[in-house]
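Number of protein chains: 2
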Amino acid sequence: MPPVPTPNDSSTERRTRLNRDRVLDAGAALADAEGIGALTMRRLGKELGVEAMALYNHVHNKDDLLHGMLDRVAGEIELPDSSPDWRDHVRRRAISAHAVLMRHPWAAGLWTSSINLGPARMRYMDSALRSLDEAGFPPDLLDRAFHTIEDHIVGHALQALGFPLDHDQMMETGEEFLRTFPVDEYPDLAAHIRHHLQDDEDGDGFEFGLDLILDGLERRRSPS
Amino acid sequence: MPPVPTPNDSSTERRTRLNRDRVLDAGAALADAEGIGALTMRRLGKELGVEAMALYNHVHNKDDLLHGMLDRVAGEIELPDSSPDWRDHVRRRAISAHAVLMRHPWAAGLWTSSINLGPARMRYMDSALRSLDEAGFPPDLLDRAFHTIEDHIVGHALQALGFPLDHDQMMETGEEFLRTFPVDEYPDLAAHIRHHLQDDEDGDGFEFGLDLILDGLERRRSPS
DNA sequence: CACCCTATGTTTACAATGTAAATATATACG
DNA sequence: CGTATATATTTACATTGTAAACATAGGGTG
Numbered sequence: 029m030p031p032v033p034t035p036n037d038s039s040t041e042r043r044t045r046l047n048r049d050r051v052l053d054a055g056a057a058l059a060d061a062e063g064i065g066a067l068t069m070r071r072l073g074k075e076l077g078v079e080a081m082a083l084y085n086h087v088h089n090k091d092d093l094l095h096g097m098l099d100r101v102a103g104e105i106e107l108p109d110s111s112p113d114w115r116d117h118v119r120r121r122a123i124s125a126h127a128v129l130m131r132h133p134w135a136a137g138l139w140t141s142s143i144n145l146g147p148a149r150m151r152y153m154d155s156a157l158r159s160l161d162e163a164g165f166p167p168d169l170l171d172r173a174f175h176t177i178e179d180h181i182v183g184h185a186l187q188a189l190g191f192p193l194d195h196d197q198m199m200e201t202g203e204e205f206l207r208t209f210p211v212d213e214y215p216d217l218a219a220h221i222r223h224h225l226q227d228d229e230d231g232d233g234f235e236f237g238l239d240l241i242l243d244g245l246e247r248r249r250s251p252s
Numbered sequence: 029m030p031p032v033p034t035p036n037d038s039s040t041e042r043r044t045r046l047n048r049d050r051v052l053d054a055g056a057a058l059a060d061a062e063g064i065g066a067l068t069m070r071r072l073g074k075e076l077g078v079e080a081m082a083l084y085n086h087v088h089n090k091d092d093l094l095h096g097m098l099d100r101v102a103g104e105i106e107l108p109d110s111s112p113d114w115r116d117h118v119r120r121r122a123i124s125a126h127a128v129l130m131r132h133p134w135a136a137g138l139w140t141s142s143i144n145l146g147p148a149r150m151r152y153m154d155s156a157l158r159s160l161d162e163a164g165f166p167p168d169l170l171d172r173a174f175h176t177i178e179d180h181i182v183g184h185a186l187q188a189l190g191f192p193l194d195h196d197q198m199m200e201t202g203e204e205f206l207r208t209f210p211v212d213e214y215p216d217l218a219a220h221i222r223h224h225l226q227d228d229e230d231g232d233g234f235e236f237g238l239d240l241i242l243d244g245l246e247r248r249r250s251p252s
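So the protein lines, in turn, are chains A and B.
As numbered in the working numbering, the first sequence has no gaps in its residue numbers, which increase by one up to the final residue, 252.
As numbered in the working numbering, the second sequence has no gaps in its residue numbers, which increase by one up to the final residue, 252.
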């Protein structure tokens with residue numbers, strides 16, 4: 029057999045054959061690195077050493093590309109094995125899902141708009157629903173519980189990603205901002221901003237809300 | 029004085045002068061009616077009887093248009109007056125905010141990405157923060173409470189809008205869907221879908237999650 | 001009223017983007 | 001090998017946001 033060309037040989041040698049997963053992964057990598065706005069078909073083609081139209085052999089259209097990418101990252105969510113403590117399951121899976129969305133900022137926006145769920149997403153949902161089922165939630169409550177947790181995951185990720193300022197930047201921008209801010213018109217909002225500026229956010233607000241929800245679910249599950 | 033031309037006279041008479049609010053309102057109306065995808069500068073111009081470029085005298089660019097529209101709908105949120113029952117305030121404002129986002133499906137996606145808040149949005153935030161402040165929440169908890177509620181509002185709206193199927197459509201599509209669905213591979217997900225199909229969603233899942241959160245906040249505020 | 005200055009609207013143009021259609025090439029299989 | 005099928009390229013076009021230059025109108029001042 030002839031020597032197979034090394035996949036990463038970039039310049040002279042012929043590139044490895046394209047396939048759907050390579051396209052999806054390159055797309056995710058590009059979106060991670062430069063933002064979803066940089067992900068154009070031409071640019072992604074260039075990234076793979078190929079013309080834009082070549083991508084259409086592996087992807088129906090850009091929407092298919094995006095949802096394929098999404099399902100790829102959905103596969104990164106950790107699905108804990110069963111254990112008697114339902115809160116532990118649910119909590120860990122939710123935290124992992126949230127972390128994945130934060131790690132791929134472009135993914136959170138797609139999460140809510142995907143009509144056709146990919147296999148990884150389905151595995152994730154199935155796992156989440158099973159945990160709640162095994163915990164003994166009756167069907168209606170189970171449904172509500174699942175959606176409330178899901179809403180919190182995606183809601184928090186999107187809100188957090190909407191303020192893409194790291195702590196230092198926020199200090200600067202915020203101080204500057206407060207100088208021109210009509211403090212007397214929105215006093216509580218001003219206080220809120222000030223609070224964000226001085227206090228190091230201790231821990232993640234995500235887990236606070238999550239525990240609030242889990243507490244409430246536990247109580248509704250077994251009303252004492 | 030000469031007779032002022034009627035604003036709605038469409039064909040022969042000269043149209044009323046454009047201004048920012050007319051542009052923003054027409055934009056919101058168009059996005060409401062035909063989806064955010066139909067909102068192009070040319071189309072919006074046509075809607076107002078004007079060329080696309082005329083809009084740029086009243087709006088810096090399309091982003092400015094969108095955020096202007098958003099602040100317009102933020103003004104639709106009801107801000108309840110004070111009353112001793114903090115949960116009542118917070119609950120009603122949250123429900124109103126959620127309803128507004130559901131009424132303007134394009135708005136929910138913008139809500140999370142607005143760096144510069146408009147005046148209506150600021151009034152809304154100020155009002156929400158004041159309610160929690162008057163309820164006696166200490167600063168850290170207040171902050172967490174506000175963001176958790178906000179996350180729930182936007183998270184639920186986006187998730188709900190992501191499945192834009194009314195009940196009847198869902199029955200059809202769902203039945204059809206379940207036939208080709210690998211039920212044995214995702215048994216709990218299949219059960220979940222079945223549950224959605226048969227059970228009339230009694231009430232809004234939004235309020236369920238909201239009350240879960242409010243319960244938890246009440247308990248954290250005054251640990252018995 | 002005449003004048004002109006500024007705010008508003010139009011025309012033309014261009015670059016970026018997704019993708020259809022036709023064409024070329026390479027790979028696998030008989 | 002030779003041919004059919006899968007893959008890649010080329011060319012082209014419609015749609016979009018918006019820059020730049022030009023046109024106009026309308027109102028305040030002489």
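A virtual CB, placed ideally from N, CA and C, is assigned to each residue, including glycine.
Note that the structure is a prediction, hence the values are computed from the model and not measured.
Between which two residues does the alpha helix (DSSP H) holding residue i run?
i, result
"residue 152/A", "147-162"
"residue 235/A", "233-249"
"residue 176/A", "167-190"
"residue 221/B", "215-226"
"residue 69/B", "69-75"
"residue 203/B", "195-207"
"residue 55/A", "48-62"
Report all residues from its chain with a CB closer than 6 Å to the CB of residue i; omit the five preceding and five following residues, and keep chain order.
i, result
"residue 245/B", "173"
"residue 148/B", "99, 102, 103"
"residue 115/B", "242"
"residue 38/B", "At residue 38/B, the pLDDT of 37 sits below 50, so the modelled position is not reliable and the matter cannot be decided from this model."
"residue 118/B", "159"
Output needed for residue i: all residues of its chain with C-beta closer than 7 Å, excluding positions within five of it in sequence on either side, in chain order.
i, result
"residue 124/B", "105, 106"
"residue 126/A", "181, 184, 185, 234"
"residue 122/A", "177, 181, 238"
"residue 54/B", "72, 75, 76"
"residue 60/B", "132"
"residue 56/A", "97, 100, 101, 132"
What does the alpha-carbon distance come out to for the pair residue i and residue j?
i, j, result
"residue 221/B", "residue 198/B", "10 Å"
"residue 67/A", "residue 70/B", "25 Å"
"residue 76/B", "residue 83/B", "9 Å"
"residue 249/B", "residue 213/B", "44 Å"
"residue 134/B", "residue 97/B", "10 Å"
"residue 159/A", "residue 170/A", "10 Å"
"residue 177/B", "residue 223/A", "18 Å"
"residue 240/A", "residue 51/A", "40 Å"
"residue 152/B", "residue 44/B", "32 Å"
"residue 247/A", "residue 91/A", "42 Å"
"residue 206/A", "residue 219/A", "10 Å"
"residue 252/B", "residue 186/A", "34 Å"
"residue 188/B", "residue 233/B", "9 Å"
"residue 109/B", "residue 120/B", "11 Å"
"residue 226/B", "residue 164/A", "21 Å"
"residue 79/A", "residue 72/A", "9 Å"
"residue 157/A", "residue 194/B", "23 Å"
"residue 208/B", "residue 231/B", "30 Å"
"residue 167/B", "residue 211/A", "18 Å"
"residue 146/B", "residue 190/A", "15 Å"
"residue 89/B", "residue 49/A", "37 Å"
"residue 144/B", "residue 203/A", "15 Å"
"residue 58/B", "residue 81/B", "18 Å"
"residue 113/B", "residue 65/A", "46 Å"
"residue 155/B", "residue 93/A", "42 Å"
"residue 217/A", "residue 215/B", "47 Å"
"residue 236/A", "residue 196/A", "23 Å"
Starting from the C-beta of residue i, find all residues in its chain whose C-beta is less than 8 Å away, skip the five residues before and the five after it, and write them out in chain order.
i, result
"residue 182/B", "129, 136, 139, 140"
"residue 47/B", "86"
"residue 142/A", "95, 98, 149"
"residue 179/B", "none"
"residue 161/A", "170"
"residue 63/A", "133, 134"
"residue 111/B", "117"
Jot down the residue ranges of each uninterrupted alpha helix (DSSP H) in the region 85-156 of chain B, minimum 4 residues, whole runs only, in chain order.
Considered as a whole, the region 85-156 of chain B harbours 90-102, 114-131, 133-139 as its complete alpha helix (DSSP H) runs of no fewer than 4 residues, in chain order.
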